[in-house]
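Residue numbers (our numbering), protein chains in the order written: chain A, 1 to 167; chain B, 1 to 660; chain C, 1 to 100.
Ideal Cβ positions, reconstructed from N, Cα and C, are used throughout, including at glycine.
Here the structure comes first, spelled out in C-alpha cells, and everything after it is commentary.
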Amino acid sequence: MLHLILFFIFAAVCIAGAVNLLAQSHPINSALSLIVVMGSLAVLYLLLGAEFVAAIQIIIYAGAVMVLFIFVIMLLNAGIEEHSGKSYVAWFIGIPSVTVLVGLAVYSLVLYQENSDPAIGPEPILGSVQAIAHLLFGKFLLPFEVTSVLILIAIMGAVVLARRGES
Amino acid sequence: MNSSEPNLYLWLIPLLPLIGAAVNGLFGRRFPKKIVATVGLVFVAAAFALSAWASVQLLHMPLDRIPYIEEHLPWITAGGFQVDFSFYLDQLSMVMILVVTGVGFLIHVYSVGYMEHEGGYYRFFAYLNLFMFFMLMLVLASSYLLMFVGWEGVGLASYLLIGFFFLKDSAANAGKKAFIVNRIGDFGFLIAMFLMFQKFGSLNFSDVFKGASSLPVESAGAGILTAIALLLLLGATGKSAQIPLYVWLPDAMEGPTPVSALIHAATMVTAGVYMVARSNVIFNRAPIALTVVAVIGCVTALFAATIGMAQTDIKRVLAYSTISQLGYMFLACGVAAYSAAIFHLMTHAFFKALLFLCAGSVIHALGGEQDMRNMGGLRQKIPITFWTMTFGTFAIAGFPPLAGFFSKDEILFQTWDSPYGSKILWAIGLVTAGITSFYMFRLWFMTFFGERREAEHGTGHDNHGHANDGDHVHESPWIMLVPLAILAFFSFTGGWVNIPKVFGGNNLFDHFLAPVLSAGAATAEHENPGLEMTLALTSVVVASVGFAFAWLFYYKRRDLPGKFAAALNGFYTLVRDKYRVDELYNRLFVQPVIKLSRNFLWQQVDVGTIDAVVNEAANSAQHISNEARRMQSGNIRSYAGWVALGAAVVVAYMIWAGLQ
Amino acid sequence: MVPLAYYLGLSTILFCLGVLGFLIKRNIITIFICIELMLNAVNLSFVAFSAYLKNLNAQVFVFFVMVVAAAEAAVGLAIIIAVFRTRETLNVDRVNLLKL
Numbered sequence: 001m002l003h004l005i006l007f008f009i010f011a012a013v014c015i016a017g018a019v020n021l022l023a024q025s026h027p028i029n030s031a032l033s034l035i036v037v038m039g040s041l042a043v044l045y046l047l048l049g050a051e052f053v054a055a056i057q058i059i060i061y062a063g064a065v066m067v068l069f070i071f072v073i074m075l076l077n078a079g080i081e082e083h084s085g086k087s088y089v090a091w092f093i094g095i096p097s098v099t100v101l102v103g104l105a106v107y108s109l110v111l112y113q114e115n116s117d118p119a120i121g122p123e124p125i126l127g128s129v130q131a132i133a134h135l136l137f138g139k140f141l142l143p144f145e146v147t148s149v150l151i152l153i154a155i156m157g158a159v160v161l162a163r164r165g166e167s
Numbered sequence: 001m002n003s004s005e006p007n008l009y010l011w012l013i014p015l016l017p018l019i020g021a022a023v024n025g026l027f028g029r030r031f032p033k034k035i036v037a038t039v040g041l042v043f044v045a046a047a048f049a050l051s052a053w054a055s056v057q058l059l060h061m062p063l064d065r066i067p068y069i070e071e072h073l074p075w076i077t078a079g080g081f082q083v084d085f086s087f088y089l090d091q092l093s094m095v096m097i098l099v100v101t102g103v104g105f106l107i108h109v110y111s112v113g114y115m116e117h118e119g120g121y122y123r124f125f126a127y128l129n130l131f132m133f134f135m136l137m138l139v140l141a142s143s144y145l146l147m148f149v150g151w152e153g154v155g156l157a158s159y160l161l162i163g164f165f166f167l168k169d170s171a172a173n174a175g176k177k178a179f180i181v182n183r184i185g186d187f188g189f190l191i192a193m194f195l196m197f198q199k200f201g202s203l204n205f206s207d208v209f210k211g212a213s214s215l216p217v218e219s220a221g222a223g224i225l226t227a228i229a230l231l232l233l234l235g236a237t238g239k240s241a242q243i244p245l246y247v248w249l250p251d252a253m254e255g256p257t258p259v260s261a262l263i264h265a266a267t268m269v270t271a272g273v274y275m276v277a278r279s280n281v282i283f284n285r286a287p288i289a290l291t292v293v294a295v296i297g298c299v300t301a302l303f304a305a306t307i308g309m310a311q312t313d314i315k316r317v318l319a320y321s322t323i324s325q326l327g328y329m330f331l332a333c334g335v336a337a338y339s340a341a342i343f344h345l346m347t348h349a350f351f352k353a354l355l356f357l358c359a360g361s362v363i364h365a366l367g368g369e370q371d372m373r374n375m376g377g378l379r380q381k382i383p384i385t386f387w388t389m390t391f392g393t394f395a396i397a398g399f400p401p402l403a404g405f406f407s408k409d410e411i412l413f414q415t416w417d418s419p420y421g422s423k424i425l426w427a428i429g430l431v432t433a434g435i436t437s438f439y440m441f442r443l444w445f446m447t448f449f450g451e452r453r454e455a456e457h458g459t460g461h462d463n464h465g466h467a468n469d470g471d472h473v474h475e476s477p478w479i480m481l482v483p484l485a486i487l488a489f490f491s492f493t494g495g496w497v498n499i500p501k502v503f504g505g506n507n508l509f510d511h512f513l514a515p516v517l518s519a520g521a522a523t524a525e526h527e528n529p530g531l532e533m534t535l536a537l538t539s540v541v542v543a544s545v546g547f548a549f550a551w552l553f554y555y556k557r558r559d560l561p562g563k564f565a566a567a568l569n570g571f572y573t574l575v576r577d578k579y580r581v582d583e584l585y586n587r588l589f590v591q592p593v594i595k596l597s598r599n600f601l602w603q604q605v606d607v608g609t610i611d612a613v614v615n616e617a618a619n620s621a622q623h624i625s626n627e628a629r630r631m632q633s634g635n636i637r638s639y640a641g642w643v644a645l646g647a648a649v650v651v652a653y654m655i656w657a658g659l660q
Numbered sequence: 001m002v003p004l005a006y007y008l009g010l011s012t013i014l015f016c017l018g019v020l021g022f023l024i025k026r027n028i029i030t031i032f033i034c035i036e037l038m039l040n041a042v043n044l045s046f047v048a049f050s051a052y053l054k055n056l057n058a059q060v061f062v063f064f065v066m067v068v069a070a071a072e073a074a075v076g077l078a079i080i081i082a083v084f085r086t087r088e089t090l091n092v093d094r095v096n097l098l099k100l
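The structure is reproduced here in C-alpha cells:
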C-alpha cells in the first residue's frame, strides 16, 4: 500500500517537472526542472529495487550531465527564447502524432492489462551492486570496455569541436 | 565431297577481287596511282584466270557430276532452316563467270587510262573490285539467300559508283534513285524467298528445284509457283531495268563511263536475266508468269527504243538501248527460250560494253562533251575509236555475221515458233529491231560524220582536265584502245558459238546449256529451216531500213529531223521527255511519301508523340521533385514532426498486428 | 503492489512530453534537454521490466544507455558551441542553411 502511494507521489512529481520543463521559457529553468525529474526517477528506481541504477542516475546524470548543461547555458549566455515563426509541420503533424502515441499507449496499457500480471512489490533487492558487477565484468565485459573507448572518443570529439579556431 | 572429285577452288574467285577492294580501300590513299591500278588489275586478272581454269575443268567433268557444288562453312542454322556458304558451278554459271570476269577485266584496264585525271582514283578501283566480288557471289551462289547477298551488294556498289562524283548533286541523287528503286524490286525477291521457304523448306537451288519439279504445271490458274515467279520477276525488273522499275538506269549515266559499261550494260543489269534463267524450273510450271515476263520484256523493248530515238546525250541513247536489249532478253525468257536469252546476254555484254567504252573514248577525246548535237566529223580525228564503234553499232543493229545478228535472230525465231510465243510479240520485236538500228546509226552518223558542230547546245559534263577547245581532239591512249579492240573482236566473232543449222552450224551454245535450261520446257526445235531463213532475212531487211532512214535523216538531208519534229510536235516532245514517266512517279509515289513523312511521321509521331513523351517525363519528374523538395526545409522542428508521424504509424501498425 | 502497466504508462507519458517539447521549443539547448528527458523515460521502462521479469540484464543495459547519453550530451553541446560561434544564435529556426 505504501508502495503504491509512494509511486503515485513521485510519479506526480515527475510529470509536474516535465510539464514545467515545457512551460518555462528560459533554458536554465528547464534544466533545473529536468534535475527534479531525474531525482524523482531515482526514487522510483529505488522502489523497483535497482540500487545501483538509482545511484548512478543521481551521480552521473543529475550530477555530471546536467552540470555540463548548466555550464553551457552559462557560457553561451542563453536568454529567453525568442518568438520566431512556427513550423507548420511540427504543429500540424507532430502534435497530433504525439496525441496518437499517447492515446495508443493508454489504450493498449489500460484496456489490455491482464489482471493476472503480478504486481511489483517490495521484494528482495535485485539490483545490488554486487549482482550488477558480476554481470558487468562477466558477461558484459566486452561492451564495458568498448564504452570506455566510446567515452574517450567523445572526449576527443568534444574538445576538437569546441576549440576556438587555429588562432 | 569425296576425294575423287576435283577441287575447283570456287571460293577464291569472288574472294580475290574482295582482297583487291580491301587493299585499295584501306591503303590506296597513300599509294601512287600505278600501285592502285596494279592492285586493282591483278586481282581481277587472277579471278579471270581461275574462272577460265575452273571452266576447263568443268568441261572435262562427266555430266552427272554437274552441278558442282562446293560447300564451305555453315552460315545460318535456325531450327529447320539451314543456309551454308556454298558455291554452285554448272554450265550457266560458267558462262556468267567468264563473261563477268573477262569483260570486267577489260573494263578495269580501260579505267586505268580513263580515270587518270580524276580524283579519288583509289576509291574508284576499290569500288570496282567490290562490285566484282558481289557480282561473282551472285552468280556462284548455290542458294537464293546467298544470291540475294550478291544482289544487294551489287546494288550497293552501283550506288557508290553512280554517285562517285558525290559533290555533284545530280550524281548523288541518281545514286539514291538507283538504290531506292532497286530496293522495291528486292522486296519482291524477299517475299518470293519467304514463299519458297514456306513451300520447299529450304533456299538451296538443289532443294528448291527438286521440290518444284515435283509440282504440276499450273496451267489452270495462279498457284504458289506463279506467285513465286511473279515476285521473282518484280525483283528482276528492278535490277534489270524493265517496266515499271527502269527509271533509274538513264539517271545512272551520271557515273563515270566505265561504270556505265561494266555495271549498267554488261553485268549488273543482267543479274535479273540470270536469276530468271536460273529459276527456269519454277517459271516453266507457271505459264501465266511466263506470259507476263514476255509481255513486259516486249513492251519495255519497244518503249525504250522509242525514247532512245529522241535523246541527244550519247550516254542516254546507250542507256535506253540497254533497257531495250534487256527487254529482248526478258522476251526470250518469257517464251521459255532461256538459252537464247543467255546467248543474247553474252553477245550484248560484248557489244554494249564496247559501245559504252567507245562513247567514253569520244567523250575523253572531246574533253568532256557528251551532247551529240555538238559532235560530228570525228571520223578522221579518232580513227581507232571510230572503227571499233562501227563494229559495235553493226553488231547491235543485227547485221550478219556479227554477234548481234545471231542472238537477236534466235530470240525472234523462238518468239514466232515456241509454244509459249506469239506472232504479235514477234511483230513488236521486229519493229523494235528496226528502231534499234535507226537510233544506233543516228548516233553513229551524228558523232562521226559531217562537220563538227561546236557548243551550240551548252557545254559538256565532266571536264576531263583537258582544255575544251576543238583543236585538241586527240585519240585516247593505247591502254584505253586495247580493250576496245578486244571487245570489237568478240563482237564480231562472239555469235559464232551458236550458229543455227540453217546456216551450217550446230547450235553449240544451246546444246551446251541444255542440261540446265531446257528441263521440262518444250522450246522450238530448229526443225524448220525454211521458216528460220525467212525470219532471218526479214530481220536483216528491217535493220537495213533503219540504217537507210538514219542515213537519210542524219547524213544526206540534215534538215529533215527538224521538220519532222516540228510536224509531230506533241508526240516528239512526249518521246523526248521520256513519256514523262519520272514526273508521273514523282506525283504518284514520291510526293505522297514526302508529305506523309513530313506532316505525319515527323511532326506528329516524332515531335508530337515521342519527343513529347520524353519531355513530359522529364517535366513531370521536375514537378514532382519540386514538390518533394519542400520536405527539405532545413527546419529541425519539421523534421522532428515527420519523425513523430512515422513513429506513430509504426506503433499503430504493431498494435494492430498484435491484435490480429 | 504497483502493476507494471503503471510504470509503463508513466514512461510513455514522459516520453511523449519529451517529443512534444522537441517539437515546440525553439532554443536548441531546451531541445537537448527534451532529448535527455526521452532517454530517461526509456530507462524507466527498462528498469520496470527488469524488476517485473526478475532479469538483471536490463539494468546493465540502463548503465550503457547512461554512458552513451553522457557521451552524446558532451559531443552535442560541443557542436552547439561551435554552431553558436558562427551563427550567433541559439534559435533553431535560424539555422536552416541545409534548405534545398
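Just tell me which of the options has its CA closest to the CA of residue i.
{"i": "residue 255 (chain B)", "options": "B:398, B:165 and B:226", "result": "B:165"}
{"i": "residue 108 (chain B)", "options": "B:378, B:128, B:66 and B:658", "result": "B:128"}
{"i": "residue 422 (chain B)", "options": "B:292, B:406, B:19 and B:494", "result": "B:292"}
{"i": "residue 249 (chain B)", "options": "B:188, B:111, B:290 and B:161", "result": "B:161"}
{"i": "residue 288 (chain B)", "options": "B:333, B:144 and B:98", "result": "B:333"}
{"i": "residue 453 (chain B)", "options": "B:146, B:409, B:370 and B:534", "result": "B:370"}
{"i": "residue 123 (chain B)", "options": "B:25, B:555 and B:619", "result": "B:25"}
Using beta-carbon positions only, say whether residue i and residue j come within less than 8 Å of one another.
{"i": "residue 545 (chain B)", "j": "residue 434 (chain B)", "result": "yes"}
{"i": "residue 140 (chain B)", "j": "residue 93 (chain B)", "result": "yes"}
{"i": "residue 184 (chain B)", "j": "residue 272 (chain B)", "result": "no"}
{"i": "residue 575 (chain B)", "j": "residue 337 (chain B)", "result": "no"}
{"i": "residue 104 (chain A)", "j": "residue 48 (chain C)", "result": "no"}
{"i": "residue 321 (chain B)", "j": "residue 510 (chain B)", "result": "no"}
{"i": "residue 298 (chain B)", "j": "residue 331 (chain B)", "result": "yes"}
{"i": "residue 71 (chain C)", "j": "residue 150 (chain A)", "result": "yes"}
{"i": "residue 103 (chain B)", "j": "residue 277 (chain B)", "result": "no"}
{"i": "residue 8 (chain A)", "j": "residue 44 (chain A)", "result": "no"}
{"i": "residue 295 (chain B)", "j": "residue 247 (chain B)", "result": "no"}
{"i": "residue 73 (chain A)", "j": "residue 29 (chain C)", "result": "yes"}
{"i": "residue 44 (chain B)", "j": "residue 479 (chain B)", "result": "no"}
Name the chain B residues that come within less than 7 Å of residue i, Cβ to Cβ?
{"i": "residue 97 (chain C)", "result": "634"}
{"i": "residue 65 (chain C)", "result": "Within chain B, no residue comes near residue 65 (chain C); the closest Cβ sits about 18 Å away, beyond 7 Å."}
Chain C partners of residue i, CB-CB under 9 Å?
{"i": "residue 640 (chain B)", "result": "19, 22, 23 and 31"}
{"i": "residue 30 (chain A)", "result": "21, 25, 27, 29, 30, 33 and 34"}
Along chain B, which residues have their Cβ under 8 Å away from the Cβ of residue i?
{"i": "residue 101 (chain A)", "result": "644, 647, 648 and 651"}
{"i": "residue 108 (chain A)", "result": "655"}
Give me the chain A residues within the contact set of residue i, using Cβ-Cβ distance strictly less than 8 Å, ordered along the chain.
{"i": "residue 637 (chain B)", "result": "87, 89, 90 and 94"}
{"i": "residue 610 (chain B)", "result": "Within 8 Å Cβ-Cβ: nothing; residue 610 (chain B) doesn't reach chain A, min ~41 Å."}
{"i": "residue 75 (chain C)", "result": "154, 157, 158 and 161"}
Which residues of chain A have a Cβ atom closer than 7 Å to the Cβ of residue i, listed in chain order?
{"i": "residue 88 (chain C)", "result": "Those do not exist, as residue 88 (chain C) stays about 10 Å from chain A at its closest Cβ, beyond 7 Å."}
Quick one: which chain B residues come within Cβ less than 9 Å of residue i?
{"i": "residue 104 (chain A)", "result": "648, 651, 652 and 655"}
{"i": "residue 68 (chain C)", "result": "Result: empty, since nearest Cβ-Cβ is about 19 Å, beyond 9 Å."}
{"i": "residue 92 (chain C)", "result": "635, 636 and 637"}
Can you list the residues of chain C that residue i reaches, using a CB-CB cut of under 7 Å?
{"i": "residue 38 (chain A)", "result": "40"}
Can at least three beta-carbon pairs, one atom from the region 40-58 of chain C and one from the region 80-100 of chain C, be found at a separation below 8 Å?
no
How do the region 547-560 of chain B and the region 437-455 of chain B stand: do at least 3 beta-carbon pairs fall below 8 Å, yes or no?
yes
So within the region 300-368 of chain B, which uninterrupted alpha helix (DSSP H) runs reach at least 4 residues, ignoring any that extend past its ends?
314-334 and 338-365
Along the chain, which unbroken stretches of the alpha helix (DSSP H) at least 4 residues long are found entirely within the region 104-130 of chain B?
none
Would you call the region 138-157 of chain A and the region 83-102 of chain B touching, i.e. three or more CB-CB distances under 8 Å?
no
With three or more C-beta pairs closer than 8 Å as the rule, is the region 6-20 of chain B touching the region 115-122 of chain B?
no
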